[in-house]
Amino acid sequence: MTLESQTPATTATANRSPVFAARWIGYVALAVVFAIACVLLSNWQFARRQEAVTAISRVEANFDAAPVALGDLVLTADSFNPDTEWRQVSLTGHYLPEEAMLIRNRVNDSEPGFDTAVPFQQPDGTIFIVDRGWLPTSADGSVPSNIPTPPSGTIDLVVHLRPSEHTAAAATGTETTLPTLNVADYAKRLSGSVYIGAYGALVTESPSETHGVLLTKPSLDEGNHLSYALQWIAFALLGFIAVAWIIRRELKLARNPRATIPRRKIDRSAAAEDAEIDAQL
Numbered sequence: 080m081t082l083e084s085q086t087p088a089t090t091a092t093a094n095r096s097p098v099f100a101a102r103w104i105g106y107v108a109l110a111v112v113f114a115i116a117c118v119l120l121s122n123w124q125f126a127r128r129q130e131a132v133t134a135i136s137r138v139e140a141n142f143d144a145a146p147v148a149l150g151d152l153v154l155t156a157d158s159f160n161p162d163t164e165w166r167q168v169s170l171t172g173h174y175l176p177e178e179a180m181l182i183r184n185r186v187n188d189s190e191p192g193f194d195t196a197v198p199f200q201q202p203d204g205t206i207f208i209v210d211r212g213w214l215p216t217s218a219d220g221s222v223p224s225n226i227p228t229p230p231s232g233t234i235d236l237v238v239h240l241r242p243s244e245h246t247a248a249a250a251t252g253t254e255t256t257l258p259t260l261n262v263a264d265y266a267k268r269l270s271g272s273v274y275i276g277a278y279g280a281l282v283t284e285s286p287s288e289t290h291g292v293l294l295t296k297p298s299l300d301e302g303n304h305l306s307y308a309l310q311w312i313a314f315a316l317l318g319f320i321a322v323a324w325i326i327r328r329e330l331k332l333a334r335n336p337r338a339t340i341p342r343r344k345i346d347r348s349a350a351a352e353d354a355e356i357d358a359q360l
């Protein structure tokens with residue numbers, strides 16, 4: 080075939096193909112990067128779901144289990160086994176109400192408030208921190224005006240084991256409040272041996288006095304993590320489908336370079352022109 084015999088369509092296709100090929104590599108590379116991001120986000124959601132499933136399993140196994148002695152589950156003062164979270168443990172001793180603290184920024188049913196934490200000393204002298212429940216803020220938003228006093232004398236307790244909370248780096252405690260129930264921070268205010276790996280959320284005390292709102296059984300809903308993970312995988316696949324559609328469309332245009340997008344036929348009849356003039360008057 081001579082140069083003169085090539086049709087315009089053949090020449091246009093030959094000239095366009097290399098440009099298209101380079102552009103397609105960019106399309107595919109972009110789709111790959113997008114897919115990698117989607118896979119990472121999907122794995123993150125799968126990991127969060129696994130964390131939720133593990134937490135739910137602990138609640139189901141531990142929350143209503145019969146109480147055991149604290150020393151049977153917490154072997155050393157600075158240790159905590161995550162598998163024992165929510166287990167009920169029993170203690171005997173007396174409260175140290177003069178060392179009580181309020182834990183700030185606690186929410187109950189969307190209402191702000193404080194948790195009341197009180198050290199509890201056992202006969203061997205060791206101290207275990209007990210959360211005696213939630214109290215709402217006062218009318219002016221400050222600390223509660225009426226803080227329940229724990230019972231005096233020898234007390235028998237049952238508490239749910241809870242892990243020590245993280246320290247709030249940007250917040251500091253006051254003389255009567257702490258930003259989180261980080262037991263190690265609390266222990267710095269106390270003298271004696273303190274369990275710093277865990278604290279207890281009050282279940283029952285005998286004899287009992289007025290206390291705050293006690294913790295209820297956590298929700299067993301694992302959330303939408305699984306559906307979100309599958310959605311990210313779907314988005315990754317859609318990225319490649321979009322690239323395939325774009326390449327297919329460009330190939331179709333390359334084969335028929337004279338193809339144009341259909342346009343609406345403009346009515347230029349005398350009646351239509353008169354209507355346009357009337358509309359402008």
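Heads up: the sequence shown begins at 80 in this note's numbering, then just goes up one per residue.
By construction, the Cβ of each residue, glycine as well, lies at the ideal position given by its N, Cα and C atoms.
By the three-class DSSP mapping on this structure, what secondary structure does residue i have?
| i | result |
| --- | --- |
| E301 | coil |
| S224 | coil |
| Q200 | strand |
| I135 | helix |
| P161 | helix |
| G278 | Note that residue 278 is Tyr in the sequence shown here, rather than Gly. Strand, per DSSP. |
| P286 | coil |
| F142 | coil |
| N187 | strand |
| D235 | strand |
| G150 | helix |
| R241 | strand |
| R211 | strand |
| L293 | coil |
| G105 | helix |
| L309 | helix |
| L332 | helix |
| L269 | coil |
| G252 | coil |
Assuming residue i contacts residue j under a Cβ cut-off of 8 Å, what Cβ separation, rounded to an integer in Å, is found between them?
| i | j | result |
| --- | --- | --- |
| H304 | R128 | 4 Å |
| V292 | I275 | Not really, about 26 Å apart at Cβ, beyond 8 Å. |
| R211 | L269 | Actually they are not in contact, since the Cβ atoms of R211 and L269 sit about 17 Å apart, beyond 8 Å. |
| F207 | L170 | 6 Å |
| G65 | G271 | In the structure as shown, the chain starts at 80 and stops at 360, and residue 65 therefore has no counterpart that could be examined. |
| T34 | D264 | Outside the displayed range of the chain (80 to 360) lies residue 34, so it cannot be described from this structure. |
| G232 | H173 | 6 Å |
| T256 | R183 | 5 Å |
| A308 | S121 | 5 Å |
| L181 | R166 | Their Cβ separation, rounded to whole angstroms, is 26 Å, which puts L181 and R166 out of contact at 8 Å. |
| G318 | A108 | Actually they are not in contact, since the Cβ atoms of G318 and A108 sit about 11 Å apart, beyond 8 Å. |
Using CA atoms only, rank isn't needed, just tell me which of the options is closest to residue i.
| i | options | result |
| --- | --- | --- |
| A148 | L240, E130, C117 | L240 |
| S287 | A308, V237, N122, A263 | V237 |
| F159 | F113, P242, H290 | P242 |
| T295 | C117, A110, V138, V107 | V138 |
| I115 | L332, F314, A323, R327 | F314 |
| S224 | P202, T195, P230, E244 | T195 |
| V197 | L120, L332, Q124, G279 | G279 |
| V209 | D162, L260, P202, S189 | L260 |
| E164 | R334, A101, A134 | A134 |
| I226 | A321, V168, G192 | G192 |
| A179 | I326, A266, R166 | A266 |
| T155 | P297, A110, A277, Q310 | A277 |
| L119 | N187, Q310, A140 | Q310 |
| D157 | L175, V273, P202, A140 | V273 |
Tell me the rounded alpha-carbon separation between residue i and residue j.
| i | j | result |
| --- | --- | --- |
| T89 | L330 | Summary for T89: the model assigns pLDDT 49, below 50, so the residue's position carries little reliability; its value from the coordinates is reported in the next sentence. Near 13 Å, if we compare the C-alpha coordinates of L330 and T89. |
| Q200 | T228 | 16 Å |
| E284 | G302 | 34 Å |
| L214 | A126 | 34 Å |
| C117 | I312 | 6 Å |
| D235 | E244 | 25 Å |
| R102 | S306 | 34 Å |
| A323 | V112 | 16 Å |
| T92 | I320 | Residue confidence for T92 is low, a pLDDT of 48 falling below 50, so the modelled location carries little weight and cannot support an answer. |
| R328 | N335 | 11 Å |
| I104 | I326 | 10 Å |
| V168 | N187 | 24 Å |
| E177 | D300 | 39 Å |
| W123 | T251 | 32 Å |
Check whether the Cβ of residue i sits closer than 6 Å to any heavy atom of the ligand NAD, and report yes or no.
| i | result |
| --- | --- |
| E284 | Looking for the ligand NAD in the displayed structure turns up nothing, as the structure carries no ligands at all. |
Identify the continuous alpha helix (DSSP H) that holds residue i and give its terminal residues.
| i | result |
| --- | --- |
| D264 | 262-266 |
Go to residue i, then tell me how far its beta strand (DSSP E) extends in each direction, as first and last residue.
| i | result |
| --- | --- |
| G172 | 167-174 |
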